[in-house]
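In the working numbering, the protein residues as written are 10 to 394. Glycine residues also receive a C-beta, built at the ideal position from the N, C-alpha and C atoms. Here's the structure, in structure tokens; my notes come after.
This is how it looks when you write it as structure tokens:
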């Protein structure tokens, strides 16, 4: 089996994604706000930007998963072996989504299925296991076309509320009474395209097994410029701002399902960061301040599993300490979890940031330990965590 050399800048990018993701989930479990932070009729800038920065997470997960698969191939892993790994890892992730992670979110089985980011990562890996045998250029063109023309091909789908198209294209409630209610946040096709782009574009963004920092950064900046152009011209889906001068309206892009504007903004921001860090790495600049992110990024799935249990458990503890209502923390109901906090529950913006920092400190110690375990041992099952 080929040994994949770790790339520090890629680990740091992964670490940024999971650290920022933890902020969003701390907000979900600790927020006192009884409104959607991107609802411009109710939100304030501090709540809005707290949610906005976390938008990079899902696109980053999918792009970097594809990018990492290509790196395994460049390091000598055969396509057959890579396909086998993607298939088994994909099945593993999907199984965990509906068991271990289902319990983490609700602390119980409450009768409904939540098709979140982990299920889609797993499903996309299974599909990518077949797509890697296609010519890379054709795969890249097809994936880019799927992203660029998403608004057009979604309009062709004969969607009805509750239909199975929610699972593949549109998201929303998939109504299959014999299986129980299902909420699809991450439909397969829009996110699979980002993983395919990451896989197909990786060789162009690498040189001598190292990221081409300047090219990656330039790509990110170009995507951000294209976002501004698309937003001004009203291209690429989403809700066009009434007044482009209003910053919140201009940045308020549609995630479910991801619009072209959303993808340009989030992937542009992530690639710009990745490119800057890769450039610093290539010039051997010290990056000690980023060491925690690198540690998280070496074991991102371990971080993911633990952080939901940790945050959810901490929310229950705080509810007991501060006499907050807590029934909603068990997500009662059978069709939709209760995400809006009741009266008298939760922290404001400052409290959420402080709780986020506390969560990251605890997870740093745990991730540092587990990264050491992975470095010292070559047990096969460690590749799946």
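For the candidate residues the options, whose alpha-carbon lies nearest to that of residue i?
i	options	result
residue 205	150, 101, 308	150
residue 139	50, 111, 155, 91	91
residue 336	350, 278, 360	350
residue 31	222, 297, 15, 63	63
residue 329	309, 310, 353, 340	353
residue 160	136, 116, 263	263
residue 134	105, 75, 174	75
residue 18	218, 58, 117, 171	218
residue 278	234, 299, 136, 334	234
residue 290	220, 59, 390	220
residue 274	142, 177, 228, 300	228
residue 391	142, 101, 255, 89	101
residue 103	370, 298, 136, 224	136
residue 155	178, 141, 331	178
residue 33	113, 143, 59	59
residue 113	389, 172, 169, 338	338
residue 143	85, 110, 89	89
How about residue i and residue j: do their beta carbons lie closer than 8 Å?
i	j	result
residue 129	residue 197	yes
residue 368	residue 320	yes
residue 365	residue 126	no
residue 257	residue 46	no
residue 49	residue 260	no
residue 207	residue 65	no
residue 157	residue 269	yes
residue 272	residue 226	no
residue 355	residue 39	yes
residue 191	residue 183	yes
residue 310	residue 394	yes
residue 212	residue 51	no
residue 357	residue 284	no
residue 376	residue 308	yes
residue 41	residue 340	no
residue 124	residue 194	yes
residue 372	residue 316	yes
residue 294	residue 209	no
With which residues is residue i paired in a DSSP beta bridge?
i	result
residue 216	219
residue 171	183
residue 123	192
residue 356	40
Mind reading off the beta-carbon distance from residue i to residue j? Whole number of angstroms is fine, and I expect it under 8 Å.
i	j	result
residue 152	residue 87	Not a contact, Cβ separation roughly 22 Å.
residue 318	residue 312	The Cβ separation is near 11 Å, so there is no contact.
residue 4	residue 180	Here the chain covers residues 10 to 394 and nothing more, so residue 4 does not appear.
residue 21	residue 302	5 Å
residue 37	residue 348	6 Å
residue 232	residue 276	6 Å
Could you tell me whether the segment 19-28 touches the segment 51-69, where touching means 3 or more Cβ pairs closer than 8 Å? yes
Does the pairing of the segment 380-387 with the segment 76-84 give three or more beta-carbon distances under 8 Å? no
Under 8 Å: do the segment 152-165 and the segment 89-100 share three or more Cβ pairs, one atom per stretch? no
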